[in-house]
Structures are given as C-alpha cells and as structure tokens.
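Every letter in the sequence shown is one number past the one before it in UniProt numbering, and letter 209, counting from 1, is 209.
Glycine residues also receive a C-beta, built at the ideal position from the N, C-alpha and C atoms.
For clarity, every value in this text was computed on a predicted model and none was experimentally measured.
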Amino acid sequence: MIVVRLLILSQFVLTSANSDDYRFVDEFALDPMPNYTFINKSDAAWNVTLMRYLNFKENNFTRNMDSTVCIRLSNRFAPTSKPPYGFCEAEKGLGLNNVLVWGDELAMNLGRTLYYEFRKHAREFNIFSIEGCDPMLTERRPEFCKTEVNYTDILQTLRPDVIFVLSRSAVDREDFNETKSVDSDRVYQEQLKRLKEMERIAKKVYILQALPSLNTDKYPLLYTVTPVRKLKDRLIKKDDKFARRRIKELRRKCRKCELIDIKPALLDHKQRYCGFDQDTNLMYIDQRDLFTRSGRGRIRGVFAKVAKEFKV
C-alpha cells in the first residue's frame with residue numbers, strides 16, 4: 001500500500017492565491033510522518049519517488065513548529081497569541097540556569113532541538129515565539145509583527161540567566177550605507193539598545209547569525225526538478241550580507257555575547273547554502289523557511305557544541 005501511495009505523489013495539487021501565498025494540499029495528510037526506522041532516507045539520493053514523498057511530508061508547518069517540548073503553552077506576555085505561538089514552558093532541566101529562548105517562528109521551530117542539547121545546564125527553560133516579531137527590535141514593524149509585545153517586561157519578569165535569540169528578521173536584512181559606520185544605522189541602533197538591555201540582566205546571550213532566506217516563489221521547483229540537487233542554489237536569496245554584518249558588530253560591542261552560526265553546517269560540497277542536503281536530496285527548510293527534520297538534524301550538532309562549551 002505504501003508503494004502505491006508513493007507512486008501517486010505526482011498527483012499532488014498546488015493551489016495559489018497569489019505568488020506570495022500558496023500552499024500544498026497534502027493528499028497524505030492522514031498518513032503519519034515517515035518512520036525513519038523503517039525507511040532509509042538516504043535512498044532519496046537515487047529514489048525520486050521517495051525523495052518527493054519525504055520532502056512533501058516534511059513540508060508541514062505544524063510539525064516543524066514543534067511545540068511538544070512545552071508542558072504548558074500559553075498567551076502569557078502576548079494575550080492575542082495563539083498556538084503554536086506564545087509562551088512555552090518546558091520541563092525543568094538538570095542545571096542551575098534560567099534559560100529564555102525568544103524570537104519569531106524560528107524560536108519554536110528550533111526550540112525543542114536546543115532544549116534537548118542544553119537542558120543539562122537549565123533549571124527553567126522557556127521559549128517565547130511570536131510570528132514575525134523580532135525581540136532585537138525596539139520598534140515594532142506592523143507589516144511583519146502583528147502582535148504587541150513588551151519585551152522589556154519579559155526580561156524584567158523572567159530575569160533569565162541565559163538568553164538565546166533565534167530570529168530571522170526581514171528588517172535586519174535592509175541595506176545600509178557601507179561608506180558610513182554601522183553605528184549610524186537605525187536598525188543596528190535598535191538592536192544594540194535591546195542587546196544592552198539583555199546584557200544588564202543575563203549572564204550570557206547567544207545570538208543566531210543570519211542565514212540567506214528562501215525565495216518562496218521558486219519553492220514549487222522542488223516538485224518539478226529532479227533530482228533536487230540540480231536546483232543548486234536557485235531556491236535561495238543571497239540577502240544575508242547586511243544582517244550578518246550588523247550581528248557581527250553587535251557581538252563586538254557585547255562582552256557577554258556569543259554568536260551561533262549554523263550556516264557552515266548547512267553548506268553543500270561547494271560551500272553554497274542551497275536549503276537541502278546535496279547527498280540525500282532532502283530539504284533542510286520548508287516553504288515557510290522553517291527547518292525540517294533534516295535541517296534540525298544538522299543544526300543539532302551546532303547546538304551540542306554550544307552546550308559542551310557553555311560557561312558563565
């Protein structure tokens with residue numbers, strides 16, 4: 001039966017309201033997620049049907065916004081938020097530190113992966129994730145962030161010992177005048193102001209370095225070009241230059257800060273960020289630019305290294 005269902009994958013339907021708002025109708029929605037105990041995902045390197053099936057199943061917002069780590073998910077600090085967004089309280093860890101992970105969708109997307117690597121250092125482990133909202137910005141951008149959040153109140157209430165900033169803000173990708181000091185850039189000034197606020201409370205602040213973002217208009221190519229490796233880097237926008245420069249400078253101004261750069265773990269053999277595993281043809285990201293199981297698997301090693309080297 002599974003073979004039959006795999007073979008009809010090519011019949012999937014792509015609906016589109018406009019070029020920026022599309023979704024894939026999952027005819028396998030009633031199927032459980034693939035059990036990699038019984039499926040060798042490496043076979044997707046040569047089995048095109050399996051490749052499409054696995055990428056199709058992993059392209060699932062609800063599964064990739066995995067809140068199963070939360071023993072309680074509430075609208076604390078953001079009364080209008082709804083699951084999978086909000087304030088997530090994970091099971092107490094084995095350590096001594098009050099840990100806060102905050103950011104936009106990425107905070108929840110990667111929060112569970114980070115929890116299992118870092119819980120040995122955590123007494124409390126909380127995740128605050130709000131769609132389109134970057135805690136590093138002191139001024140809300142309503143075109144991205146629809147929810148009013150008082151990030152200062154969160155800091156003052158929780159008083160975390162360790163903060164992880166996991167965000168992929170579109171705002172910090174904006175160009176700035178490279179002939180002038182980054183100190184004069186408005187976005188950087190907001191970020192630095194928030195960072196100083198965090199530094200006054202926390203013992204350690206980890207900032208996720210920026211990645212190039214997904215070109216959502218080209219995501220459907222995933223289901224028409226085979227094998228996926230033939231796409232090379234066509235799915236990706238090369239838009240991380242200014243964001244990475246800002247974050248690098250923020251690190252230089254912050255004595256309690258460290259950068260987490262996951263980009264090297266996701267590069268192909270030619271040192272390109274393509275959004276997929278060149279060997280297996282499996283996507284690292286879904287159509288919302290969130291990390292799939294394959295992507296989180298690669299990132300887990302980076303988080304493990306952070307946990308191993310942690311000290312305050």
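Cβ separation of residue i and residue j, assumed to be a contact under 8 Å, to the nearest whole Å
i, j, result
"Asp104", "Asp134", "6 Å"
"Ala45", "Asp279", "6 Å"
"Val69", "Arg123", "Between Arg123 and Val69 the Cβ distance is about 16 Å, and since that is not below 8 Å, they are no contact."
"Lys120", "Gly95", "6 Å"
"Leu155", "Glu197", "6 Å"
Spatial distance of residue i from residue j (CA atoms)
i, j, result
"Phe164", "Leu208", "8 Å"
"Lys241", "Pro264", "15 Å"
"Arg298", "Gly132", "24 Å"
"Leu100", "Thr157", "12 Å"
"Asn281", "Arg229", "6 Å"
"Gln287", "Pro79", "28 Å"
"Gly93", "Trp102", "18 Å"
"Asp175", "Lys305", "32 Å"
"Leu166", "Leu110", "8 Å"
"Glu89", "Met108", "11 Å"
"Val302", "Thr226", "30 Å"
"Ser184", "Leu54", "46 Å"
"Thr62", "Thr179", "43 Å"
"Cys145", "Ala170", "11 Å"
"Ile71", "Asn177", "46 Å"
"Leu192", "Leu250", "6 Å"
"Arg168", "Pro142", "16 Å"
"Pro34", "Leu114", "23 Å"
"Asn47", "Arg300", "26 Å"
"Lys237", "Tyr284", "15 Å"
"Asn98", "Ile130", "20 Å"
"Arg296", "Asp277", "12 Å"
"Glu91", "Lys311", "22 Å"
"Val25", "Leu73", "Caution is warranted here: a pLDDT of 42 is assigned to Val25, below 50, making its placement in the model unreliable, and the coordinate value is therefore given only provisionally. Between Val25 and Leu73, the C-alpha separation is close to 28 Å."
"Ile8", "Lys270", "Any answer about Ile8 is weak, because its pLDDT of 43 lies below 50 and its placement is not dependable; what the coordinates show is given next. One C-alpha to the other measures close to 34 Å."
"Asp43", "Pro220", "22 Å"
"Arg243", "Ser294", "A small correction: the amino acid at residue 243 is Ala; Arg does not occupy that position in the sequence shown. Whole-angstrom Cα-Cα distance: 25 Å."
"Ile2", "Lys41", "Note that Ile2 scores a pLDDT of 46, beneath 50, so its modelled location is shaky; the value from the coordinates is reported in the next line. Distance between the alpha carbons of Ile2 and Lys41 is about 15 Å."
"Leu106", "Asp289", "9 Å"
CB of residue i within 9 Å of CB of residue j, strictly
i, j, result
"Gly275", "Leu195", "no"
"Val149", "Arg140", "yes"
"Cys254", "Val182", "no"
"Lys256", "Glu199", "yes"
"Ala202", "Asp161", "yes"
"Phe77", "Ile127", "no"
"Thr147", "Tyr85", "yes"
"Tyr273", "Leu211", "yes"
"Asn60", "Phe291", "no"
"Lys248", "Leu266", "no"
"Asn75", "Ser67", "no"
Beta-bridge partners of residue i, as assigned by DSSP
i, result
"Glu148", "Its beta-bridge partners do not exist; DSSP assigns none."
"Met283", "Phe276"
"Phe176", "BP columns for Phe176 are empty, so no partner."
"Ile163", "Leu100, Val205"
"Leu73", "Cys88"
"Ile260", "Leu208"
"Asn126", "Glu89, Leu100"
"Ile236", "Leu214"
"Phe291", "Ile285"
"Leu267", "Tyr273"
Residue i burial status per 10 Å Cβ neighbour count (16 or more: buried)
i, result
"Lys308", "exposed"
"Glu117", "buried"
"Phe38", "exposed"
"Tyr36", "exposed"
"Asp217", "exposed"
"Leu222", "buried"
"Arg252", "exposed"
"Leu52", "At residue 52 the sequence reads Arg, which differs from the Leu that was named. With 16 or more other Cβ atoms within 10 Å, it is buried."
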